[in-house]
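Chemist: Residue numbers (my numbering): 1 to 302. The structure follows.
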Amino acid sequence: MASQPFSEAQTTTAEWRDFVALLKPRVLTLVVFTGLCGLLAAPAHINPVLGFTAVLCIALGAGAAGALNQWYEADIDAVMKRTANRPLPAGRMDRQTALHFGVGLAAFSVLLMGLAVNILSAAILAVSILFYVVVYTIWLKRRTPQNIVIGGAAGAFPVMIGWAAATGRVEMLPVLMFATVFLWTPPHFWALALFINSDYARAGVPMLPAVAGQRVTRIQQLLYTLPMVASAVAPWPLGLTGAIYGVGTAILSAIFLLLSIRVGFSRVADPAAMKAERHLFAFSIAYLFAIFGLLVADKVFA
């Protein structure tokens, strides 16, 4: 079913809370955390003020991407239960305000990063914002069931930005962590899509369960989990991290894989009864926080 037209006829004056909501705070938390961990795990010392500035720019850039995503997807958000109360579909803000806010925030974050930290981190930040807004939101999301696969790169950039902010370069370890987040995205989002599939279908978004069915989605999320586990554990045998990261990540990855296997071979069709899928989705969030925390702990205590 195609999404319904979005109307701004009843738009009221936005409050500060609505601007905060545009930033997608829950998503922002994970993005900022992985960026901070990339900065702290890097083999270089960065002035605390510049480090704070770098993390602030990552937060502002990610928030800008979230705002522009909501600007473009106001019509989709209006017909999905979990997003209907966002500022634009709820009529608390007009689209032009969201557009100006997002563009201004994006430009400011990249400019500040370039002037205060270094050009490489600013360039990666700019690429991450453009990738999320243009490649994922505008180009892929409404056109292909593989939207979240390719679009997952946008959420994987922060660790590279943090590392580049501290060192002025990109090396193998942040690239492997980038790959881990990139490969983590499909099982994370497809686990969610399995039990809220009706929302996506109503909005006309071709998420994999709505297009290819549950069986294919379950197998696909498992197939992406396998290389994700390999990428997450790889820094240890390659000598890029120590045992604190290696052992901890191996244990967490084994749990992730077991949960993914449960989802992969489950035959539960009723979204309300999908406990395995909900467990995988919840654990996947904790997993990413944990392995990036281990990355920093490994540097501090090794």
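Backbone N, C-alpha and C define an ideal beta-carbon position, used for all residues, glycine too.
Do Gly38 and Met172 have their beta-carbon atoms positioned less than 8 Å apart in this structure?
Modeler: no
Chemist: Can you list, in chain order, the residues of its chain whose CB lies under 7 Å from that of Leu183, leaving out five sequence neighbours each side?
Modeler: Tyr224, Pro227, Met228, Ser231
Chemist: Expressed to the nearest angstrom, what Euclidean distance is found between the alpha-carbon atoms of Tyr287 and His188?
Modeler: 10 Å
Chemist: Closest to Thr307 by C-alpha separation, out of Pro237, Ala62, Arg267, Thr217, would be which residue?
Modeler: For the chain, the structure presents residues 1 to 302; residue 307 sits outside this window and is missing.
Chemist: For Arg82, name the three-state secondary structure that DSSP assigns.
Modeler: coil
Chemist: What does the alpha-carbon distance come out to for the pair Ser260 and Val247?
Modeler: 20 Å
Chemist: According to the neighbour-count rule (16 or more other Cβ atoms, all chains shown, within 10 Å of its Cβ), is Pro89 buried or exposed?
Modeler: buried
Chemist: Assuming Asp77 contacts Ala67 under a Cβ cut-off of 8 Å, what Cβ separation, rounded to an integer in Å, is found between them?
Modeler: 12 Å between Cβ atoms; not a contact.
Chemist: For Gln146, does the three-state DSSP call read helix, strand or coil?
Modeler: coil
Chemist: Note the first and the last residue of the continuous alpha helix (DSSP H) segment covering Glu277.
Modeler: 275–301
Chemist: So for Asn47, helix, strand or coil by DSSP?
Modeler: coil
Chemist: In angstroms, rounded to a whole number, what distance separates the CA positions of Val134 and Ser121?
Modeler: 20 Å
Chemist: Nearest-angstrom Cα distance between Leu194 and Leu294?
Modeler: 30 Å
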